[in-house]
Each structure stands twice: as C-alpha cells, then as structure tokens.
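Engineer: Below: one structure in structure tokens.
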Amino acid sequence: MADLKARIAERCAKEFKDGDFVNLGIGLPTQVADYMPLDIEITLHSENGFAGLDELATQETLDVDIINSGGQYVTVLPRVKYFDTADSFGLVRGGHVAATVLGAMEVAENGDLANWIVPGKKVAGMGGAMDLVTGAKRVIITMLHTQKGAHKILKECTLPLTAEKCVDMIITEMGVMKITDNGILVTEIHPDYTKEEMQAATGCELHWAEDLKPMDVSQ
Amino acid sequence: MTAQEAVAGVKDGMTIMVGGFLATGSPEILMDALVEKGVKHLTIIANDGGLDAGQPGGEFAGKTSRGVGKLLDHHMVDHIIASHIGVNPKLNEQFAEGTLTYTLVPQGTLAEKIRAAAYGLGGILTPTGVGTMMQTEKDELGRDKKVVEIEGKKYLFEMPLHADYSFIRPTKADKFGNFMCAKATKNFNYVMAGASDHTIIAPEFLYEIGELDPDTYDVAGVLVEGIVEGEKKWQI
C-alpha cells in the first residue's frame with residue numbers, strides 16, 4: 001500500500017528552485033526535506049532563530065543551544081545565520097521567504113486557511129503560523145485530501161481563519177491544486193483516482209486544467 | 220548580585236517577561252529564585268510555557284521542568300501572553316482548572332509589541348492576523364483592535380507590550396551588562412531587554428569590561444539594571 005504522506009512530501013519537494021529560502025511546518029511538511037533534490041541549494045528557515053537548518057541532532061552532534069521550532073535538537077549548515085525572533089519574522093513578513101509549507105484543517109476555494117484552532121478543543125496557539133502564511137511569497141498546503149472522509153477543501157472555511165486568501169497551492173494524495181481567482185484549478189491528478197472521485201472528496205467545485213497531468217510522483 | 224537579590228522587588232500580581240523558546244535561552248536561576256520567593260498571580264510574557272519534566276520526549280528529555288514551566292509547577296501564573304501554549308501540558312491543565320488564562324499573540328507580532336515598548340514606538344502595524352480572531356478579539360488589556368488601511372493594504376495596529384521585569388539569559392556578558400546570546404538562544408532575549416521597568420540578565424559567562432572584543436556583544440548594557448552570576452549551560 002502506498003505511503004500517502006510520503007507521496008505528498010515527494011511531490012511538494014519538486015516545487016522549489018535553487019536558492020530558495022523555505023520554511024517547513026511541523027509534521028508532514030518536515031518530511032518534504034527528505035525529498036529535496038540534491039543538485040539545488042535550499043536554505044531552510046527555523047523561525048525560532050536561524051536560516052540553515054540541517055537535520056535532527058544525535059548524541060554526538062547535539063548542541064543544547066540549537067533547537068528547531070518544534071523544540072527538537074538539530075544541526076545546522078556551515079552557512080547558517082542565527083537571529084532573534086524580531087529579525088526572524090521580519091524575514092517572514094518582509095516577503096523574503098520563498099515558500100512556507102504547512103498542513104491545514106480547512107482550505108477554502110478563495111485561499112482562506114484554517115489550521116490553528118478548533119473552538120472548544122484544547123488550544124495550542126498559532127505560534128509563527130499566522131505570520132508565515134501572511135508573509136511568505138508562496139503558501140503550499142500539504143495534507144490528506146479529507147479528514148477520514150470529511151471534506152477539508154471547502155467553499156468557505158467553518159473554523160477560525162489563520163489568514164485570509166493566503167493559500168497558493170494544495171498538494172494531497174489525490175493531486176495538485178492551484179488557487180486561482182476563479183476557484184481551485186486541478187493541475188495534476190494521481191492515477192489511483194478519477195476526476196469524479198476527487199470531486200466527491202472535495203467540498204467545492206473543482207476546475208480542471210486543460211493540460212491536466214498525472215501526479216508527478218514515484219508511488 | 221545574587222538571584223535572590225534580583226527578584227527581591229518582584230511582588231504578587233506583577234508582569235514579567237521571560238526570554239527563551241521552549242526554555243532554550245531561558246534564565247533558569249531567575250526562575251528558581253522566583254519559585255523560592257513564592258510570588259503569586261504573575262502575568263508572564265513569553266513565547267510559550269517552557270517545558271514540563273520529561274519534555275521534550277525521547278532520549279533528550281529533561282528530568283525537571285524548565286523556564287516558565289517551573290513557575291507553572293508552583294501555580295504562580297494567573298495569565299500568560301504567548302504565541303504557543305500547546306507544548307507544556309500544565310498550561311491547558313491550569314486553564315481547564317480555571318486558575319490560568321491566556322492571550323495568544325502571533326510570534327512575530329509578540330516580538331514587535333515587546334520591541335515597541337523597549338524602543339519607544341507607539342505601536343506597530345502588521346498584516347499578520349487581518350481577518351482572523353486577532354482582529355475580532357480584544358487584546359491582552361481588553362482593548363479593541365484597530366485596522367489601518369495604507370495604500371489599499373490592511374494592517375492591524377498592535378500596542379506596545381511593557382512589563383515590570385525582564386528576565387534574560389545571555390551566553391556572554393561583560394560587567395557593564397553588554398550581552399550576546401549564542402545560536403538559537405537569542406529568540407526573545409534581545410527585544411525583552413529594556414521593555415520592562417527592570418531588566419535583569421543571568422549570563423552563562425561573565426567577563427571583565429574590555430576582556431572580549433566589544434563587537435562580541437549584540438545588546439547594549441545601558442538597558443541592563445542587574446547582572447546575576449551562576450547560570451549554567453543546560454545539561455542533557
């Protein structure tokens with residue numbers, strides 16, 4: 001059986017180009033780093049304080065002064081730059097982050113995003129997510145297409161927003177979608193699904209690209 | 220000064236800023252001194268609630284709580300102004316018990332609100348939070364948010380965030396108070412200096428004036444009122 005999250009991460013990794021400064025959220029988005037092409041140079045942003053994240057630390061490489069935004073001990077690249085929170089989010093709001101990749105609870109067809117709070121449930125807080133989706137040049141949502149069958153891609157979000165009209169692209173196990181002025185345009189569909197199945201798993205009308213392609217992944 | 224002397228003026232109900240991100244860069248000896256003093260009903264301004272004992276999970280877990288987590292262990296916090304309250308479980312536990320409330324502020328906005336207080340700005344305009352609960356909910360002092368439109372783009376007007384004390388953990392400082400924080404321990408430690416009536420630092424290493432190249436230091440010692448010795452590097 002296909003690893004759906006790995007499929008999504010693999011496809012997302014194809015969205016970056018040489019020199020991009022990118023922020024990957026916690027969870028599935030972090031997996032994207034495993035599929036980044038080795039022939040291009042990507043600088044990963046850790047919003048708690050540096051540009052140039054490398055990988056999780058081991059007992060041998062651990063430095064207690066270096067954690068990522070999830071609180072894990074990590075290592076950094078030789079070109080790392082450390083900065084404080086004000087500078088870190090200045091880079092974000094200033095539009096200097098080429099893309100941020102996050103998960104979502106809901107995305108609306110106009111690009112509204114809800115991924116930080118469910119009223120009445122335990123609250124974690126937005127952390128840096130509101131700044132990231134507001135400031136990054138591109139917002140890419142990586143997620144499973146539905147929540148155990150319940151629609152997550154909707155005409156309008158029902159949950160409180162993280163930001164208005166901020167999402168540029170959604171990548172799910174079913175395909176790749178772009179948010180346009182006319183709604184959601186599917187540019188790639190995975191061969192395991194038909195258009196009808198993808199539409200049925202979506203809570204708003206999907207539009208199909210004239211040059212609709214099979215999803216560019218190995219599984 | 221000693222950590223006990225540094226916290227001598229802290230009274231019940233005061234507002235305290237604590238540097239650190241999930242306790243990395245938090246001044247542990249100042250937290251210990253607050254616990255020892257036993258002040259209550261504090262309002263804490265910090266990125267998060269620090270760490271509980273056993274966090275982070277796995278092989279690098281701490282045996283004790285860290286940073287703001289120490290204050291939560293002793294129910295010393297009535298209100299926290301933070302960007303994230305999901306890691307240390309004591310925050311949600313004490314909220315459910317009705318002994319703690321919180322105000323959430325996006326991380327970048329939180330840093331700039333604090334910076335505005337330290338550096339004399341009347342507030343800041345940020346696009347972050349427009350059209351969300353950050354716009355519709357009241358701020359940490361119960362004030363309505365204002366939306367300002369500039370050349371067709373909407374911004375939230377966010378007020379400065381000031382406190383009675385700032386507790387900061389530099390890696391290196393000189394005896395005048397000039398300081399720097401290594402690597403990822405900078406986080407909120409730089410903007411919090413000067414954002415309070417009293418700024419106290421607890422450096423890991425304290426140097427004589429002139430002993431290190433002055434360019435070592437990032438933050439001006441003129442902002443610092445007290446220097447506490449004895450902070451140690453965190454031990455796994």
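Residue numbers (this note's numbering), protein chains in the order written: chain B, 1 to 219; chain X, 220 to 455.
Each residue gets a CB set at the ideal place from its N, CA and C atoms; glycine is no exception.
Here the structure is a predicted model, which means the values were calculated and not measured.
Please report how far the alpha carbon of B/I153 lies from the alpha carbon of B/V139, in whole angstroms.
Structural biologist: Within the first sequence, the letter at position 153 stands for residue 153 of chain B. Within the first sequence, the letter at position 139 stands for residue 139 of chain B. Going from the Cα of B/I153 to the Cα of B/V139 covers about 15 Å.
Engineer: Helix, strand or coil for B/P37? Go by DSSP, reduced to three states.
Structural biologist: The sequence position of residue 37 of chain B within the first sequence is 37, counting from 1. The DSSP-derived three-state label of B/P37 is coil.
Engineer: What residue from X/A439, X/N266, X/G429 has the CA that sits closest to X/M399's CA?
Structural biologist: Translated into positions along the second sequence, residue 399 of chain X becomes position 180. Among X/A439, X/N266, X/G429, the Cα nearest to that of X/M399 belongs to X/A439.
Engineer: Taking 7 Å as the line, does the beta carbon of X/G361 fall inside it for any heavy atom of the ligand ADP?
Structural biologist: Among the components modelled here there is no ligand, and therefore nothing to report on the ligand ADP.
Engineer: Cα-Cα, which of B/I171, B/I8, B/K148, B/A129 is closest to X/D303?
Structural biologist: Within the second sequence, residue 303 of chain X is the residue found at index 84, counting from 1. In the sequence as displayed, the identity of residue 303 of chain X is His instead of Asp. Relative to the Cα of X/H303, the nearest Cα in the group B/I171, B/I8, B/K148, B/A129 belongs to B/A129.
Engineer: If we count Cβ pairs, one from each stretch, closer than 8 Å, do we get three or more for the stretch 157–164 of chain B versus the stretch 317–337 of chain X?
Structural biologist: no
Engineer: Sorted by chain position, which residues of the same chain lie with C-beta nearer than 6 Å to B/Q31's C-beta, five sequence neighbours on each side aside?
Structural biologist: Start at 1 with the first residue of the first sequence, and residue 31 of chain B comes out as number 31. Excluding positions up to five away in sequence, the list reads A9.
Engineer: Would B/A201 pass as a contact of B/M177 if the rule is Cβ separation under 8 Å?
Structural biologist: Along the first sequence, read from residue 1 onward, the residue named residue 201 of chain B stands at position 201. Along the first sequence, read from residue 1 onward, the residue named residue 177 of chain B stands at position 177. No, the pair does not count as a contact, with Cβ atoms beyond the cut-off.
Engineer: Is the CB-CB distance between X/L241 and X/D267 below 8 Å?
Structural biologist: In the second sequence, the residue the question calls residue 241 of chain X occupies position 22. In the second sequence, the residue the question calls residue 267 of chain X occupies position 48. Yes.
Engineer: By the three-class DSSP mapping on this structure, what secondary structure does X/Y436 have?
Structural biologist: Here residue 436 of chain X refers to the residue found at position 217 when the second sequence is read from its first residue. Coil at X/Y436, not helix or strand.
Engineer: Mind checking which residues open and close the alpha helix (DSSP H) that includes X/N408?
Structural biologist: Looking up residue 408 of chain X in the second sequence gives position 189. Element bounds for X/N408: 408–411.
Engineer: Would you say B/A136 reaches chain X, if we count a Cβ-Cβ gap shorter than 8 Å as a contact?
Structural biologist: As a first step, residue 136 of chain B is located in the first sequence; it is residue number 136 there, counting from the start. So, not an interface residue.
Engineer: Using a 10 Å radius around the Cβ and a threshold of 16 neighbouring Cβ atoms, would you call B/P191 buried or exposed?
Structural biologist: On the first sequence, position 191 is the one that residue 191 of chain B refers to. With fewer than 16 other Cβ atoms within 10 Å, it is exposed.
Engineer: Can you pull the chain X residues whose beta carbon is under 7 Å from the beta carbon of B/I66, in chain order?
Structural biologist: Locating residue 66 of chain B in the first sequence gives position 66, where the first residue counts as 1. Neighbours of B/I66 on chain X, chain order: K402, A403.
Engineer: Using a Cβ-Cβ cut-off of 8 Å, state whether B/N110 counts as contacting chain X.
Structural biologist: As a working mapping, residue 110 of chain B is identified with position 110 in the first sequence. False, the Cβ-Cβ gap to chain X never drops below 8 Å.
Engineer: Between the C-alpha atoms of B/V74 and X/I446, what's the straight-line distance to the nearest angstrom?
Structural biologist: Residue mapping note: residue 74 of chain B aligns to position 74 of the first sequence, counting from 1. Residue mapping note: residue 446 of chain X aligns to position 227 of the second sequence, counting from 1. Going by the C-alpha atoms only, they are around 30 Å apart.
Engineer: In or out: B/R79 buried (at least 16 other Cβ within 10 Å) or exposed?
Structural biologist: For the purposes of this step, residue 79 of chain B is identified with residue 79 of the first sequence, where counting begins at 1. Exposed, by the Cβ-count rule.
Engineer: Beta-carbon separation of X/T328 and X/T347 under 8 Å?
Structural biologist: Sequence index remark: in the second sequence, residue 328 of chain X carries index 109 (1-based). Sequence index remark: in the second sequence, residue 347 of chain X carries index 128 (1-based). In this structure, X/T347 lies closer than 8 Å to X/T328 by Cβ.
Engineer: What does the alpha-carbon distance come out to for the pair X/P422 and B/Q147?
Structural biologist: Taking the first residue of the second sequence as 1, we reach residue 422 of chain X at position 203. Taking the first residue of the first sequence as 1, we reach residue 147 of chain B at position 147. Roughly 48 Å separates the two Cα atoms.
Engineer: Compute the beta-carbon to beta-carbon distance between B/E47 and B/F89, rounded to the nearest angstrom, for a pair I have assumed lies under 8 Å.
Structural biologist: Mapped onto the first sequence, residue 47 of chain B falls at position 47. Mapped onto the first sequence, residue 89 of chain B falls at position 89. Contact flag correct, Cβ pair sits at about 7 Å.
Engineer: Which parts of the stretch 118–152 of chain B are runs of the alpha helix (DSSP H), unbroken and 4 residues or longer, counting only runs that do not cross its ends?
Structural biologist: 129–135
Engineer: Buried or exposed for X/I428, please, with buried defined as at least 16 other CB atoms from any protein chain shown within 10 angstroms of its CB.
Structural biologist: As a working note, residue 428 of chain X is residue 209 in the second sequence. Here X/I428 is exposed, its C-beta having fewer than 16 other C-beta atoms within 10 Å.
Engineer: Going straight from the alpha carbon of X/S415 to that of X/G339, what length do you get?
Structural biologist: Taking the first residue of the second sequence as position 1, residue 415 of chain X is located at position 196. Taking the first residue of the second sequence as position 1, residue 339 of chain X is located at position 120. Distance between the alpha carbons of X/S415 and X/G339 is about 12 Å.
Engineer: Can you check DSSP and say which residues form a bridge with X/F376?
Structural biologist: Start at 1 with the first residue of the second sequence, and residue 376 of chain X comes out as number 157. X/F376 pairs with X/L344, X/K365.
Engineer: Tell me the DSSP bridge mates of B/M169?
Structural biologist: As a position in the first sequence, residue 169 of chain B is number 169, starting the count at 1. Paired residues: B/I140, B/K178.
Engineer: Could you name the residues of the same chain whose beta carbon sits closer than 6 Å to that of X/V443, not counting the 5 residues immediately before and after it, in chain order?
Structural biologist: The residue you call residue 443 of chain X lines up with position 224 of the second sequence. Once the five neighbours on either side are set aside, the close Cβ partners of X/V443 are G396, T418, I420.
Engineer: From B/D84 to X/E255, what distance separates their C-alpha atoms?
Structural biologist: What you label residue 84 of chain B is simply residue 84 of the first sequence in a count that begins at 1. What you label residue 255 of chain X is simply residue 36 of the second sequence in a count that begins at 1. Each residue's Cα considered, the two are about 30 Å apart.
Engineer: How far does the alpha helix (DSSP H) with B/D87 in it reach, from first residue to last?
Structural biologist: The sequence position of residue 87 of chain B within the first sequence is 87, counting from 1. 85–93 is the extent of the alpha helix (DSSP H) around B/D87.
Engineer: Of all the residues that make up the stretch 326–347 of chain X, which are near chain B by a beta-carbon distance shorter than 9 Å?
Structural biologist: Q326, G327, T328, L329, A330, E331, I333, R334, T345, P346, T347
Engineer: Thinking just about the alpha-carbon of each residue, which of X/G277, X/K451, X/G286 is nearest to the one in X/G239?
Structural biologist: The residue you call residue 239 of chain X lines up with position 20 of the second sequence. For the residues X/G277, X/K451, X/G286, the minimum Cα distance to X/G239 belongs to X/G286.
Engineer: What are the boundary residues of the beta strand (DSSP E) that B/E210 is part of?
Structural biologist: As a first step, residue 210 of chain B is located in the first sequence; it is residue number 210 there, counting from the start. Looking at the DSSP string, the run of the beta strand (DSSP E) that includes B/E210 is 206–214.
Engineer: From the DSSP output, read off the bridge partner residues of X/T322.
Structural biologist: Along the second sequence, one-based indexing puts residue 322 of chain X at 103. X/T322 is bridged to X/I300.
Engineer: Are there 16 or more other CB atoms within 10 angstroms of the CB of B/D168, so buried, or fewer, so exposed?
Structural biologist: Reading the first sequence from its first residue, position 168 is the one you call residue 168 of chain B. B/D168 should be labelled buried.
Engineer: Rounded to a whole number of angstroms, what is the C-alpha to C-alpha distance between X/F279 and B/G127?
Structural biologist: Looking up residue 279 of chain X in the second sequence gives position 60. Looking up residue 127 of chain B in the first sequence gives position 127. One C-alpha to the other measures close to 23 Å.
Engineer: Would you check if the distance between the CB atom of B/I171 and the CB atom of B/T194 is smaller than 8 Å?
Structural biologist: Within the first sequence, the letter at position 171 stands for residue 171 of chain B. Within the first sequence, the letter at position 194 stands for residue 194 of chain B. No. Outside cutoff.
Engineer: I'd like to know if B/A6 contacts chain X, where contact means its C-beta is closer than 8 Å to some C-beta of that chain.
Structural biologist: By 1-based counting over the first sequence, the position of residue 6 of chain B is 6. Not closer than 8 Å to any Cβ of chain X, the Cβ of B/A6 fails to qualify, so no.
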